[in-house]
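Asks: This is the structure I have questions about; it appears just below.
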Amino acid sequence: GCRVEAREYIETFERTDGRSQVLHELTRLDFNMVQTIHQRELRELSG
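Okay, here's the thing in C-alpha cells:
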C-alpha cells in the first residue's frame, strides 16, 4: 500500500526536470526514515 505509493511518487519526481529537486529529496529522506523506524519496531517485537 503506502510503500508502493511512495515509490511511484518518487519515480514521478525523477521524471521532472529538477524543479522539485528539494521536495523530492525531502520525500526520499522521509521515506527512508519511515522504513528505518519500521524495521526498528519489527526488531523490538521479534526480539
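Residue 748 in my numbering sits at position 5 of the sequence shown, with consecutive numbering throughout. Even for Gly, the Cβ is constructed at its ideal location relative to N, Cα and C.
1. Is the beta carbon of residue 753 less than 8 Å from the beta carbon of residue 770?
2. Roughly how many whole angstroms lie between the Cα atoms of residue 767 and residue 750?
3. In whole angstroms, give me the CA-to-CA distance for residue 764 and residue 755.
4. From residue 777 to residue 758, what distance separates their C-alpha atoms?
Replies: Inspection of the coordinates gives the following:
1. The answer is yes: Cβ separation under 8 Å.
2. Distance from the CA atom of residue 767 to the CA atom of residue 750, rounded to whole angstroms, is 11 Å.
3. Residue 764 and residue 755: Cα-Cα distance of roughly 12 Å.
4. If you take the alpha carbons of residue 777 and residue 758, they lie about 23 Å apart.
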